[in-house]
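Visitor: In my numbering, the protein residues as written are 14 to 291.
Beta carbons are placed, not taken as given, at the ideal position from N, Cα and C, and that holds for glycine.
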Amino acid sequence: MKLIHTIAELRAELAKYERPALVPTMGNLHEGHLALVKQAKPLGDVTVASIFVNRLQFLPHEDFGTYPRTLEADCAKLQAAGCDVVFAPSEQELYPEPQGYKLQPPTELADILEGHFRPGFFTGVCTVVLKLFNIVQPAAAVFGAKDYQQQMVIRRMVAQLALPIDIHTGATLRAADGLALSSRNGYLSAAERAEAVQLSLTLKGMIAALQQGERDIGRIEAQAVQALTARGWQPDYLTVRRRHDLQPPQADDFGPDSLVVLGAARLGTTRLIDNLEA
Ligand code: PAF
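#1: Could you check if G141 belongs to the surroundings of ligand 1, using beta carbon to heavy atom distance under 6 Å?
#2: List the endpoints of the continuous beta strand (DSSP E) containing K90.
#3: Whole angstroms are fine: how far does the CA of L176 sit from the CA of P37?
#4: Below 7 Å between beta carbons: does that hold for G157 and G57?
#5: Please list, in chain order, all residues of the same chain as L241 whose beta carbon is under 6 Å from its beta carbon, the five residues on each side excluded.
#6: Using a 10 Å radius around the Cβ and a threshold of 16 neighbouring Cβ atoms, would you call K29 buried or exposed?
#7: Given that a residue counts as buried once 16 or more other Cβ atoms are within 10 Å of its Cβ, and exposed if not, what is G183?
#8: So, D190 versus V171, is the Cβ gap smaller than 7 Å?
#9: What residue does the alpha helix (DSSP H) around F77 start on, and which one ends it?
#10: Since I believe A291 is in contact with L272 (beta carbons under 8 Å), could you give me their beta-carbon distance rounded to a whole number of angstroms?
#11: Excluding sequence positions up to five away, which residues of its chain have a Cβ less than 7 Å from the Cβ of H18?
#12: Grab me the residues of Y80's own chain with a C-beta within less than 6 Å of its C-beta, minus the 5 sequence neighbours each way, in chain order.
#13: Quick one: give me the first and last residue of the beta strand (DSSP E) that E290 is part of.
#14: So, do the stretch 76-93 and the stretch 224-241 have three or more beta carbon pairs nearer to each other than 8 Å?
#15: Taking its Cβ as the centre, do 16 or more other Cβ atoms sit within 10 Å of D87, making it buried, or is it exposed?
#16: One question on the structure: do C139 and L122 come within less than 7 Å of each other, judged by their Cβ atoms?
#17: Sort A21, V59 and D160 by Cα distance to F134 and report the nearest one.
#18: Given E205, which residues of its chain have a CB within under 8 Å of its CB, disregarding the five upstream and five downstream residues?
#19: Give the secondary structure of Q247 by DSSP, where H, G and I count as helix, E and B as strand, and everything else as coil.
#20: Does the separation of the CB atoms of S195 and N41 fall below 7 Å?
#21: Taking the alpha carbon of A93 as the reference point, which residue from K51, L186 and P262 has its own alpha carbon closest?
#22: My parser needs the alpha helix (DSSP H) runs of 4 or more residues fully inside the stretch 143-213; what are they?
#23: Between the C-alpha atoms of D3 and V166, what's the straight-line distance to the nearest angstrom?
#24: Is G226 helix, strand or coil when you go by DSSP?
#25: Give the DSSP bridge partners of R279, in chain order.
#26: Note down the Cα distance separating N198 from I286, rounded to an integer number of angstroms.
#27: Can you name the start and end residues of the beta strand (DSSP E) that L35 belongs to?
#28: Taking just the CA atoms, how far does L49 sit from A25?
#29: Within the continuous alpha helix (DSSP H) that includes A53, where are the two ends?
#30: Would you check if the distance between the CB atom of A62 and the CB atom of C96 is smaller than 7 Å?
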């Protein structure tokens, strides 16, 4: 496996191949990321993982400064997962001057849910992902389903900009108790880690309510918020949405395979997100 830090070196290396498959990450890798790498392997003739903590997608009060940078351990894991090339640029390499050109995704998809609570988040994500796509020129790229809205935003960006890239989504990997794997789980204390599964349990409870015929979405959401708040969480949202556009469902949207429940909530100082298709 090659570890490459510059765009020029990466382009020289990838010139030997025709169809790179890319897994963009911010590092501090866990089994979920490695599953995306394994999924990417048959999609191209060379598997590239990028590791870059992207300042543009963090708000000033968020964890950009403290986000774990664990390049050596990440490389060992990527090598074991069969990755061929790791692209880990410095900030100076990727943003040699302030990134004045940014990609602004449509408000109806990008300013709701995560975008509402993290204004500018998807502009930062789209800008860096488009830049990584331009650098790597992948035939395929794989994103995790835990970031449900992110993979939708990226799929639409690729479609609307006619980028010749197949976007694949990798299933969310979960710990034995059901907690979705996330780099931010590492911030949790032992007591918080034991509590953290309640986010996915609450989403499951919302699905159970839908399956039992509850159609008052406001009531389902309010009960979920109340349940997590009573346990000491600070929910940003716990919501039932249509899968295809993440808008609230209307009366005729309750058919099979049409809804998703999504949640974001803070436990102590750690903000966790999760989702389940209903
Ligand atoms: O999901 C992530 O880790 C990041 O948002 C991504 C896609 C690597 C862009 O920085």
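Guide: Taking the definition as stated:
#1: Residue identity differs from the one stated: residue 141 is Val in this sequence, not Gly. Yes; taking the cut-off as 6 Å, the Cβ of V141 has a heavy atom of ligand 1 nearer than that.
#2: It is not in any beta strand (DSSP E) - K90 instead sits in the alpha helix (DSSP H) that spans L84 to A94.
#3: 16 Å
#4: Not a contact, by the Cβ cut-off of 7 Å.
#5: Leaving aside the five residues that flank L241 on each side, the residues in its chain whose CB is nearer than 6 Å to its CB run, in chain order, T215, P248 and A278.
#6: exposed
#7: When all chains shown are included, G183 counts as buried.
#8: no
#9: First-last for F77: undefined, no H or E at that position.
#10: 4 Å
#11: A101, P102, S103 and E106
#12: Cβ contact annotation for Y80 (same chain, cutoff 6 Å, sequence separation greater than five): V66, in chain order.
#13: T283 to E290
#14: no
#15: buried
#16: No, these two residues do not count as a Cβ contact at 7 Å.
#17: D160
#18: L280, G281 and T283
#19: strand
#20: no
#21: K51
#22: 161-173 and 203-209, all fully within the stretch 143-213.
#23: The chain is shown only over 14 to 291; residue 3 falls outside these bounds and no answer can be derived.
#24: coil
#25: Q247 and R284
#26: 10 Å
#27: P33 to T38
#28: 25 Å
#29: E44 to A53
#30: yes
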